[in-house]
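Protein chains: 2
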Amino acid sequence: MISPIHPGLLCIVSGPSGSGKTTLCRAACEGGTAHYSVSATTRAMRPGEVDGRDYHFLSEADFLGRVEAGEFLEHASVFGRHYGTLKSEVLPRLARGQDVLMDLDVQGAALVRQHADEAVRRAHLDVFLVPPTLDELRARLAGRHTDAPETQARRLAAALEEIARWPEYEYTLLSDTREADLDRFRSILAAERLRSRRRLGLPGYA
Amino acid sequence: MISPIHPGLLCIVSGPSGSGKTTLCRAACEGGTAHYSVSATTRAMRPGEVDGRDYHFLSEADFLGRVEAGEFLEHASVFGRHYGTLKSEVLPRLARGQDVLMDLDVQGAALVRQHADEAVRRAHLDVFLVPPTLDELRARLAGRHTDAPETQARRLAAALEEIARWPEYEYTLLSDTREADLDRFRSILAAERLRSRRRLGLPGYA
Numbered sequence: 001m002i003s004p005i006h007p008g009l010l011c012i013v014s015g016p017s018g019s020g021k022t023t024l025c026r027a028a029c030e031g032g033t034a035h036y037s038v039s040a041t042t043r044a045m046r047p048g049e050v051d052g053r054d055y056h057f058l059s060e061a062d063f064l065g066r067v068e069a070g071e072f073l074e075h076a077s078v079f080g081r082h083y084g085t086l087k088s089e090v091l092p093r094l095a096r097g098q099d100v101l102m103d104l105d106v107q108g109a110a111l112v113r114q115h116a117d118e119a120v121r122r123a124h125l126d127v128f129l130v131p132p133t134l135d136e137l138r139a140r141l142a143g144r145h146t147d148a149p150e151t152q153a154r155r156l157a158a159a160l161e162e163i164a165r166w167p168e169y170e171y172t173l174l175s176d177t178r179e180a181d182l183d184r185f186r187s188i189l190a191a192e193r194l195r196s197r198r199r200l201g202l203p204g205y206a
Numbered sequence: 207m208i209s210p211i212h213p214g215l216l217c218i219v220s221g222p223s224g225s226g227k228t229t230l231c232r233a234a235c236e237g238g239t240a241h242y243s244v245s246a247t248t249r250a251m252r253p254g255e256v257d258g259r260d261y262h263f264l265s266e267a268d269f270l271g272r273v274e275a276g277e278f279l280e281h282a283s284v285f286g287r288h289y290g291t292l293k294s295e296v297l298p299r300l301a302r303g304q305d306v307l308m309d310l311d312v313q314g315a316a317l318v319r320q321h322a323d324e325a326v327r328r329a330h331l332d333v334f335l336v337p338p339t340l341d342e343l344r345a346r347l348a349g350r351h352t353d354a355p356e357t358q359a360r361r362l363a364a365a366l367e368e369i370a371r372w373p374e375y376e377y378t379l380l381s382d383t384r385e386a387d388l389d390r391f392r393s394i395l396a397a398e399r400l401r402s403r404r405r406l407g408l409p410g411y412a
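For the protein sequence lines, the chains are H and L, in the order given. In terms of the working numbering, the first sequence has 180 at position 180, counting the first letter as 1, and numbering is strictly consecutive. In short: position in the second sequence from 1, add 206, done, that's the working numbering.
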């Protein structure tokens, strides 16, 4: 995938909780050459999580120092915890022509979409993944948690607020089976590699 | 393919003479639901050509009357002959959710790209198909004709002038084998059906 004619793709996938965005990104990287970008966070590691696989777990001081040093592509705070994507996860790979996939919330996705860096803009695309129906969304949110009704209602309201932002994304995937979603996601990546705006020239005509 | 949520795609393929654009469009329609849009022309029918398959062969008076009546999506003159795409070939199909594929020269493609009609804009995408190298382009142009050297040079110059316009197209396909080209073209069509800008809403959330 190393090519001076195409940078790698920087593909952001967003979707409400339970949409399967992380699974989709990781599945698309499996057995291929694309890289799944691991976010950094200051939240505590949970049982079963692995540093460097699930997140880069950083101390608050380390995170803020890296923000100060301009090491983040995007970063944001959610409920007092910091989350962000380190440039080192992304930029060297794009420059080598490698694709980088990541799941981000709508806030992070908007920051990357507005990024001024030319290499990021040329590489960028984004996909919104959404459960096929409102009933399915409800079922997935309920399936993950055993919450009080008012907590469930709050969770659903938050998900619907995120879903309302699908038109900001270049692609919208109403999810189907995991295999169908992966097929369609791969078609998007294959097509995006052929976009003229990413092409730096016609090598055979130089 | 009938869907009120997505209009059909209107996919224009351009490329120099010998690029295989007609073959690619027709192959993508075979056995599927997409429609290959047949152009209208005032040029004389050639041996082996079939009216309605290769072109809609019209008299000059008929063609110009239809231009006057606003029946063309695009039309242009090349060496005194008129060529154009009848709206009736395209618009009713898009409205039903059917994909329409057509090959056009760079002039026709530019006219469709600038088309003001909202249904056309929402359905539109375009692909430039180009032989992989300059040597291959030369070979294909020579293979088709047994012309004098100066005619060949003129043909090559015209092809290079067309090829210089690849950045106007959303996608650029450097052609490979016929099968690989068709695969990549199908990925483009599959991806384009998922573009948010074509989507009129989220049906499961209405």
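Note that beta-carbon positions come from the ideal geometry of N, C-alpha and C, so glycine has one too.
*Quick one: which chain H residues come within Cβ less than 7 Å of E376 (chain L)?*
By Cβ distance, chain H contributes R195 and S196.
*Could you run through the stretch 127-144 of chain H and flag, in chain order, every residue whose CB is less than 9 Å away from some CB of chain L?*
Contacts with chain L (Cβ-Cβ distance below 9 Å) from the stretch 127-144 of chain H involve V127, F128, V130, P131, P132, T133, L134, D135, E136 and L137, listed in chain order.
*asked:* What ranges does the alpha helix (DSSP H) occupy inside the stretch 143-176 of chain H, keeping only unbroken runs of at least 4 residues that lie completely in it?
replied: Within the stretch 143-176 of chain H, the complete alpha helix (DSSP H) runs of at least 4 residues are 149-163.
_Between the alpha carbons of L343 (chain L) and S225 (chain L), how many angstroms are there, rounded?_
8 Å
*asked:* Rounded to the nearest angstrom, what separates P203 (chain H) and Y377 (chain L) at their Cα positions?
replied: 16 Å
*Name the DSSP bridge partner or partners of Y261 (chain L)?*
L:D257
_Considering just the uninterrupted stretch of the alpha helix (DSSP H) at E68 (chain H), what are its terminal residues?_
E60 to E68
*If H241 (chain L) sits next to F269 (chain L), beta carbons under 8 Å apart, how far is it from one beta carbon to the other, in whole angstroms?*
Contact check for H241 (chain L) and F269 (chain L): beta-carbon distance about 22 Å, past the 8 Å limit, so the pair fails to qualify.
*Please check if any C-beta of chain H sits within less than 8 Å of the C-beta of I394 (chain L).*
Yes, contact with chain H.
*asked:* Can you look up L408 (chain L) in the DSSP assignment and give me helix, strand or coil?
replied: coil
*Does the stretch 154-174 of chain H touch the stretch 113-128 of chain H, meaning 3 or more C-beta pairs lie closer than 8 Å?*
yes
*How big is the Cα-Cα spacing for L335 (chain L) and E118 (chain H)?*
26 Å
*Cβ of C231 (chain L) within 8 Å of Cβ of D305 (chain L)?*
no
*If the cut is a Cβ gap below 8 Å, which residues of chain H does R361 (chain L) touch?*
At a beta-carbon threshold of 8 Å, none of the residues of chain H lie near R361 (chain L); the nearest stands roughly 16 Å away.
*Compile a chain-ordered list of the residues in the stretch 81-108 of chain H whose CB is closer than 7 Å to at least one CB of chain L.*
none
*So is R184 (chain H) in contact with chain L if we call contact Cβ pairs under 8 Å?*
yes
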